[in-house]
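Below: one structure, written as structure tokens.
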Amino acid sequence: MTQPDSSLQSQNPISSAQNSVDNVHAAVSRAMSHPTPQTKEEAQNSITHAERALEQATDQSDSPAVQQAVQSLNDEKARLQSNQ
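Add 29 to the 1-based position in the sequence shown for this note's numbering, that's all there is to it.
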């Protein structure tokens, strides 16, 4: 018997980049509320991951969704920087 399709959809580079930026927001929020070396490093790692995901998304499309994700990432980077 074959297994039914998973409810998880495969992600395209744009949705992956948006999800990465959402993860950055969560990581930066944790780093701000619990500023330890570990949470700050996790936020930086999330930012690096999101930057890579956005590079891939930008290669595929320069849509408003990608531009919004880039702006959101820049906002989160500024928010983290202002807390250090």
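C-beta atoms are modelled at their ideal positions from N, C-alpha and C, and glycine is treated no differently.
Name the residue from the options whose alpha carbon lies nearest to the alpha carbon of residue i.
{"i": "GLN110", "options": "ILE76, PRO42, ALA46", "result": "ILE76"}
{"i": "ALA79", "options": "ASN41, ALA107, SER45", "result": "SER45"}
My understanding is that residue i touches residue j, with C-beta atoms under 8 Å, so please give their C-beta distance in whole angstroms.
{"i": "VAL57", "j": "ARG108", "result": "6 Å"}
{"i": "ALA86", "j": "PRO42", "result": "4 Å"}
Considering just the uninterrupted stretch of the alpha helix (DSSP H) at residue i, what are its terminal residues?
{"i": "ASN48", "result": "42-62"}
{"i": "ASP91", "result": "Per DSSP, ASP91 belongs to no alpha helix (DSSP H) and is neither H nor E."}
Is there a C-beta anywhere in chain C that falls below 7 Å from the one on residue i?
{"i": "GLN40", "result": "Of the protein chains in this structure there is only one, and it is not chain C."}
Worksheet item: Between the region 57-65 and the region 90-103, do at least 3 Cβ pairs fall closer than 8 Å?
Response: no
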